[in-house]
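What follows is a set of notes on a single structure, which appears directly below.
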Amino acid sequence: MTEKPYIADEQLKQAVLYRIVEILHTAYRDGYIQLTDHFSFFITLIARFKIVPAKTGIEFNEQRETTFKALTNLLCSCLSGMGDSSLVLQILEKSFVEQIIMKPALDNGCGILRMICTLDSKPTRLSESSLTTLSVFLPGYLIDIVNYLVLSCLTGSSKLTEEVLKRLRLMVDENTKAMLGSPVWESSRNSWNLIQCIVSVILLMHNDVRVRKMISSFKSEIDLILHSVVTLQSSSMTVEGKHMMKIAGERLRIASNY
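Using my numbering, you'd call the opening residue of the sequence shown number 8 and step up by one each time.
Now the structure itself:
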């Protein structure tokens with residue numbers, strides 16, 4: 008079966024690609040291209056751009072990644088200048104979701120999310136069904152990002168892994184003191200959210216076989232983080248807060264007891 012051609016061919020120069028976008032956008036503004044066709048071109052371009060074409064070197068791939076980031080910025084700029092953002096989002100929402108369901112590559116998924124964020128607002132204007140789709144997509148997407156961008160760095164240096172764990176422990180210490188010093192639970196939510204994120208990061212590190220072997224050498228740092236979480240469980244926090252800390256402690260013991 009012959010592979011479908013991609014819009015952004017490997018030999019296409021950056022300047023030519025950007026110029027194509029600019030010309031088509033000008034043609035749309037002058038009434039020569041229909042709105043739906045123009046939007047379809049934008050989304051297809053972001054979703055189908057190959058960051059890592061076959062049989063190419065790392066240096067070339069890095070160049071294409073730079074090109075893709077600049078292309079995403081250009082398309083987001085075009086979208087933001089096309090009138091009422093809420094109306095544009097309403098038109099494109101279904102297409103965005105359809106692309107997300109197809110589980111695009113990391114960079115392509117990031118580009119689609121950038122386009123959504125460009126058009127959306129606070130509070131979000133996305134429908135409940137779209138939010139449900141995003142909630143299914145994002146956890147795996149975020150885990151893939153950590154595996155691809157973060158864990159690959161840690162496996163190359165035990166010193167870096169140790170320093171990262173120490174920094175995470177210091178961040179937990181600082182926020183534990185802030186929570187113990189605050190009589191109002193609501194004002195401590197930011198600190199709790201950060202601690203929860205740190206626990207999740209440690210578990211992601213633990214789940215990677217290569218990193219797990221490395222962090223086992225620095226188990227004392229994880230134990231200190233666990234100690235801070237346990238300390239918060241016996242503090243004067245609300246029942247809700249203590250329950251959250253109990254869950255965090257149970258999750259962290261998985262890595263601590265390895």
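Here a beta-carbon is modelled for each residue, glycine too, at the ideal position from N, C-alpha and C. Keep in mind the model is a prediction, meaning the values are calculated, not measured.
- Nearest Cα to S235 within the set V179, S142 and G248: V179.
- L42 and V246 have their C-alpha atoms some 53 Å from each other.
- Comparing alpha carbon positions, the residue from K76, G147 and L158 closest to R219 is L158.
- In the DSSP assignment, L156 falls outside any alpha helix (DSSP H) and carries neither an H nor an E.
- Short of 8 Å from the beta carbon of E135, and not among the five residues preceding or following it, lies no beta carbon of its own chain.
- Looking at the backbone, the Cα of V95 and that of I30 are separated by about 20 Å.
- The stretch 190 to 235 contains, as complete alpha helix (DSSP H) runs of 4+ residues, the segments 196 to 214 and 216 to 222 (chain order).
- Annotation for S263: I229, D230 and L233 place their beta carbon closer than 6 Å to its own, counting only its chain and skipping 5 residues before and after.
- Distance from the CA atom of K253 to the CA atom of I261, rounded to whole angstroms, is 13 Å.
- By the neighbour-count criterion, in which a residue is buried when 16 or more other Cβ atoms sit within 10 angstroms of its Cβ, A54 is buried.
- Following the DSSP letters along the chain, one finds R132 in no alpha helix (DSSP H), marked with neither H nor E.
- The Cβ-Cβ distance between L113 and D151 falls below 9 Å.
- Residue state for T183 is assigned as helix, using DSSP reduced to three classes.
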